[in-house]
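Have a look at the structure below before the remarks.
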Amino acid sequence: MHNASIIIDKSQFIRNLQAISSWVNRNPPVASNRLNKVKFCLPVKANAYGHGLVKIAQIAEEYVDYLAVACLDEGITLRQNGIKKPILVFGAFSQEQIYDLIIHNLEITISSLLKARMVMDVCQKLKLSCKVHIKIDTGMNRVGVRSENVHVLIDFILNSDCMKLVGVYSHLASSDIPGNEFTYKQIKEFNEIVAFVKETNPEVICHLANSGGVCYYPESYLDMVRPGIFSYGYLPGNNAVDDVLKTVQPCFSLKSQIIYFKVVAKGSAISYNQQYVTNRQTRIVTVPLGYGDGYRRALSNCGEVLIHGHKYTVSGTICMDIFMVDIGPDGEAYIGDEVVLIGRQGAYEITLTSVANKCQTITYEILCGFNERLPRIYV
Ligand SMILES: *Cc1c(COP(=O)(O)O)cnc(C)c1O
Numbered sequence: 411m412h413n414a415s416i417i418i419d420k421s422q423f424i425r426n427l428q429a430i431s432s433w434v435n436r437n438p439p440v441a442s443n444r445l446n447k448v449k450f451c452l453p454v455k456a457n458a459y460g461h462g463l464v465k466i467a468q469i470a471e472e473y474v475d476y477l478a479v480a481c482l483d484e485g486i487t488l489r490q491n492g493i494k495k496p497i498l499v500f501g502a503f504s505q506e507q508i509y510d511l512i513i514h515n516l517e518i519t520i521s522s523l524l525k526a527r528m529v530m531d532v533c534q535k536l537k538l539s540c541k542v543h544i545k546i547d548t549g550m551n552r553v554g555v556r557s558e559n560v561h562v563l564i565d566f567i568l569n570s571d572c573m574k575l576v577g578v579y580s581h582l583a584s585s586d587i588p589g590n591e592f593t594y595k596q597i598k599e600f601n602e603i604v605a606f607v608k609e610t611n612p613e614v615i616c617h618l619a620n621s622g623g624v625c626y627y628p629e630s631y632l633d634m635v636r637p638g639i640f641s642y643g644y645l646p647g648n649n650a651v652d653d654v655l656k657t658v659q660p661c662f663s664l665k666s667q668i669i670y671f672k673v674v675a676k677g678s679a680i681s682y683n684q685q686y687v688t689n690r691q692t693r694i695v696t697v698p699l700g701y702g703d704g705y706r707r708a709l710s711n712c713g714e715v716l717i718h719g720h721k722y723t724v725s726g727t728i729c730m731d732i733f734m735v736d737i738g739p740d741g742e743a744y745i746g747d748e749v750v751l752i753g754r755q756g757a758y759e760i761t762l763t764s765v766a767n768k769c770q771t772i773t774y775e776i777l778c779g780f781n782e783r784l785p786r787i788y789v
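Given below as structure tokens:
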């Protein structure tokens, strides 16, 4: 028994993957020029959005075609744990990382001619080949070769005998908003490159859709989709989705247990700097979890928890490892009782979205903030 843990509902996660797969392959085909099944690439970067990198990859492996990570270390961890599926590394690499990318059979993102030459040099020295995806910048201005320079890069890679071009991709900046002009512009620009690539190399996987693309832009599906946050059960923004997608739901909950209990007099200050003072004699319970685990300090005096099916508010500032809750003079809760911080208990639910809103951030950032101190339990 842990003081606090993250519980992942495996079957809900699998239902999400299945629902998204059938949605992007729904009939009649949503994209006119499509013959093959749309492939599914599951982003598992940032510890699988806090859900646990290796375990999530293992569960997902039979339901998806590809996995994607942000950096070399995440890719190596997956390979060392026996993951066999293709793994795309989204991030830009440095010279020292090329050798490891190649020997671990990780698919490399190339975003300039310079990077392509660096990879080619290492391949030639090692007498090994590698698989690459070209990243095109259609509007993020992050990494990626600009459309006007892409033809030279494509030709360079196609003519090299050690780099195999398996994919071409770009990333959408505003796809969480349906009907967005900027997104249509990005899709159009990317499609021009797709047409150029497919003319000579129809087998190259062209991919563009993130969660927003999957939810709102069927034009962006192409050969493969890469939904991250939506695979874990959250909408990418504040816009509703088709009813068919209502089966996609969170599979993550955060639970703890009461570790201490005391009765305090009226006028007692709770936690650092006296930010909460009791207005009556009351019962205070202590929960062994804090910002050192990723339960954000912004939730001081406003976060909510569920205990015995009742909703209570965090009392006072959240400490690094602990916080307190005033359960009232008649509150019934004792050491060992369950405390739900995110998820359901009885008739109530505390959603990740409500937590993110209270912290003035997005669900993604709260999820990534839960660190290794919290065990992940898969049920
Ligand atoms: C993180 C990432 C995704 C997934 O984004 P979501 O908004 O979580 O769907 C897709 N593609 C790239 C290149 C990414 O970096």
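In this note's numbering, the protein residues as written are 411 to 789. Using N, Cα and C, we set each Cβ at its ideal position, and we do this for glycine too.
Contact between Ile417 and Ile787 holds, since their C-beta atoms are separated by about 5 Å, short of 8 Å. Using a cutoff of 8 Å, the CB of His581 counts as near ligand 1, since one of the ligand's heavy atoms is closer than that. Rounded to the nearest whole angstrom, the C-alpha separation of Glu775 and Ser630 is 25 Å. Taking the C-beta atoms as reference points, Met573 is found nearer than 9 Å to Ile567. Between Val749 and Ser666, the C-beta spacing is below 9 Å. In the three-state DSSP reduction, Met550 falls in the coil class, being neither helix nor strand. Within 10 angstroms of the beta-carbon of Cys661 lie 16 or more other beta-carbons, which makes it buried.
With respect to the 9 Å criterion, Leu655 and Cys625 are classified as neighbours on the basis of their beta carbons.
Between Gly746 and Ile728, the C-beta spacing is not below 9 Å. For Tyr701, there is no enclosing beta strand (DSSP E), as DSSP marks it with neither H nor E.
Taken in chain order, the whole beta strand (DSSP E) runs of length 3 or more contained in the stretch 625-687 are 662-667 and 670-674. When only Cα atoms are considered, Ile669 and His720 end up about 18 Å apart. Just so you know, the alpha carbons of Val695 and Ser710 end up roughly 15 Å apart.
If you look at Lys525, you'll find it in the alpha helix (DSSP H) that goes Leu523 to Leu536.
The C-beta separation of Ser580 from Asp547 comes to about 7 Å, placing the pair in contact by the 8 Å criterion.
Glu714 carries a strand assignment under DSSP once its states are collapsed to helix, strand and coil.
The beta carbon of Tyr459 sits closer than 8 Å to at least one heavy atom of ligand 1. In the DSSP assignment, Ala414 falls within the unbroken beta strand (DSSP E) covering Ala414 to Ile418. Shortest gap from the CB of Tyr774 to any heavy atom of ligand 1: under 8 Å. As for any alpha helix (DSSP H) of minimum length 4 sitting wholly inside the stretch 446-506, the runs are 455-459, 463-470 and 482-490, ordered along the chain. If the five residues before and after Cys769 are omitted, its C-beta is found closer than 7 Å to the C-beta atoms of Arg706, Ala708, Leu709 and Ile776, all from its own chain and listed in chain order. Within 8 Å of the C-beta of Phe640 there is at least one heavy atom belonging to ligand 1. Closest in alpha carbon position to Ser621, among Val635, Ile680, Lys676 and Asp736, is Val635.
Assignment of Ile694 by DSSP, reduced to helix, strand and coil, places it in the strand class. By a beta-carbon distance limit of 8 Å, Ile424 does not contact Tyr459. Their separation comes to about 16 Å. Distances between the C-beta of Lys541 and the heavy atoms of ligand 1 are all 8 Å or more.
Assigned with DSSP and collapsed to three states, Thr761 falls in coil, not helix or strand. Under the rule that a run must span 3 or more residues, the beta strand (DSSP E) segments found entirely inside the stretch 589-620 read 615-619.
Relative to ligand 1, the beta carbon of Asn620 is positioned inside 8 Å of a heavy atom. Ligand 1 approaches Ala478 closely enough that one of its heavy atoms is under 8 Å from the residue's Cβ. Exclusion of the five residues before and after Arg489 leaves Ile497, His514, Asn515 and Leu516 as the residues of its chain whose Cβ lies within less than 8 Å of its Cβ. Taking Asp586 as the centre and dropping the five residues before and after it, the same chain places the C-beta of Gly622, Pro646 and Gly647 closer than 6 Å to its C-beta, in chain order. Not one heavy atom of ligand 1 is found less than 8 Å from the C-beta of Lys449. Between Asn491 and Ala467, the C-beta gap is smaller than 9 Å, which places the two residues in contact.
The alpha carbon of Thr593 has as its nearest neighbour, out of Asp571, Pro628 and Glu759, the alpha carbon of Pro628.
Between Leu477 and Leu452, the beta carbon gap of about 6 Å places them in contact (Cβ cut-off 8 Å).
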